[in-house]
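Numbered according to the numbering used here, the sequence shown terminates at residue 139, and the numbering increases by one at each position without gaps.
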Amino acid sequence: MAGNPLPHIERRLRHALLTAAIDRAADFEELLPAALASVPYCSNLTIAEDWGPLLAAAFPSGYDQGTELTPAQHGYLAALVDRDVCWRYAHLITSWFDDVGLPADRNAIRALLPGPRPPQQGQRGHQPPGPGRNTAQLE
């Protein structure tokens, strides 16, 4: 089976590397690239090993309601909001959000993120120009 990843070893190694990065980083801005790279592998079942500790690192003093998010906090929360499997069975993730003072509700997190909001499920968002679409630019 050459070339096939070993999922259990790969997962444990990824979590060990994330733990080491969290322990050594001076601040969350330094961790952001690793945090964003880990999001595609996150789910509600992996919160204790990856995105929960990263969430705690993003909010080391907790979140005070009404406080503006740093760009790194905003970027990480935005990436998590876009990851559907992180939000299944919310009871599995609630304690991590409670610990940092954030709501464990996806729409409540989305409301904390300024700027354009991604389309809700069942709604169509802006579609980029594609084949057969008018791509002319006005000058």
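Even glycine gets a Cβ: it sits at the ideal position worked out from N, Cα and C.
Expressed to the nearest angstrom, what Euclidean distance is found between the alpha-carbon atoms of residue i and residue j?
i	j	result
Gly115	His15	32 Å
Ala48	Ala111	24 Å
Leu32	Arg106	20 Å
Ala108	Pro40	21 Å
Thr94	Phe59	15 Å
Pro103	Glu10	31 Å
Tyr89	Ala72	26 Å
Gln65	Phe97	13 Å
Thr67	Asp99	17 Å
Between the Cα of residue i and those of the options, spot the shortest distance and give me the residue it belongs to.
i	options	result
Ser38	Ile109, Leu55, Ala26	Leu55
Trp140	Asp23, Trp51, Ala26	Because the chain spans 1 through 139 in this model, residue 140 falls outside it and cannot be assessed.
Arg24	Arg11, Glu10, Ala57	Ala57
Going by beta carbon distance, what residues of the same chain come within less than 6 Å of residue i, once the five residues before and after it are set aside?
i	result
Gly101	Gly62, Tyr63
Answer yes or no: do residue i and residue j have a C-beta to C-beta separation smaller than 8 Å?
i	j	result
Ala21	Tyr76	no
His74	Leu13	no
Taking 8 Å as the limit between beta carbons, can you name the residues of its chain near residue i, skipping five residues before and five after?
i	result
Leu92	Asn44, Leu45, Ile47
Thr70	Phe28, Glu29
Leu18	Ala34, Ser38, Glu49, Asp50, Pro53, Leu54
Cys42	Asp50, Trp51, Leu80, Arg83, Val85, Cys86
Excluding the five sequence neighbours on either side, which residues of its own chain have a C-beta within less than 7 Å of the C-beta of residue i, listed in chain order?
i	result
Ala78	Leu113
- [ ] Please go through the segment 2 to 75 and give each complete alpha helix (DSSP H) segment of 4 or more residues, from N-terminal end onward.
- [x] Listed in chain order, they are 7 to 24, 28 to 38, 51 to 58.
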